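Quick notes on the structure that follows.
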Amino acid sequence: MSCDFFKSQDRPQGYPDYDFSLLEKVVYFDMETEEQLFIDDISTIETVKEYFQDKGNYFKDELRKFNGVKPNFSLTLISSMDTLVLRSYPQSGLKGRIEFDFTEKYDPNHPMKPRKVHRFYIKSELLDLLGM
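The letter at position 14 of the sequence shown is residue 2 when you use our numbering, and the numbering goes up by one with no holes.
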């Protein structure tokens, strides 16, 4: 669970520094059942790339709400240049969106620097594209 704030207060969203255009594979992992699904067919990957790159699929003007729950699944986005792990948190009262978190990239030049966890909202149609 992300402990980026302890009081029940709203926070700005943070977005990953990831080149979605290079996406090659997605790995879905269910935290409860530990089921893993590899998604690498070209058609689905192209659709997912476009989805993440479309600014209209985000809720950038909203502050995110504290929900205090554990993640229920993760998506690992894999390219030849980078990997991004997004953990999803169940939403109550916020229909039509998924809340993801991610950890800032590791900086080998500053190995002791703490890495922050950021969260953001994206439209839930992403799961339909992945066949979930």
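Cβ coordinates follow ideal geometry from the N, Cα and C atoms, glycine included. Here the structure is a predicted model, which is why all the values come from computation and not from measurement.
In this structure, does DSSP put residue i in helix, strand or coil?
| i | result |
| --- | --- |
| Lys58 | coil |
| Tyr127 | Since the first and last residues shown for the chain are -11 and 120, residue 127 lies out of range. |
| Asp89 | strand |
| Leu115 | helix |
How long is the line joining the alpha carbons of residue i and residue j, rounded to whole angstroms?
| i | j | result |
| --- | --- | --- |
| Lys101 | Tyr109 | 26 angstroms |
| Arg52 | Pro99 | 29 angstroms |
| Lys104 | Glu38 | 27 angstroms |
| Tyr25 | Lys13 | Sequence inspection shows Leu at residue 25; the Tyr mentioned does not correspond to that position. One C-alpha to the other measures close to 11 angstroms. |
| Glu50 | Leu115 | 21 angstroms |
How would you write the range of the beta strand (DSSP E) that residue i sits in, first residue to last?
| i | result |
| --- | --- |
| Ser76 | 71 to 77 |
| Phe26 | 24 to 27 |
Could you check where the alpha helix (DSSP H) with residue i kicks off and where it finishes?
| i | result |
| --- | --- |
| Gln41 | 30 to 41 |
| Leu10 | No alpha helix (DSSP H) contains Leu10, which DSSP labels as neither H nor E. |
Can you tell me whether residue i is buried or exposed, with buried defined as 16 or more other CB within 10 angstroms of its CB?
| i | result |
| --- | --- |
| Pro0 | exposed |
| His106 | buried |
| Asp29 | exposed |
| Ser76 | buried |
| Val57 | exposed |
| Leu10 | exposed |
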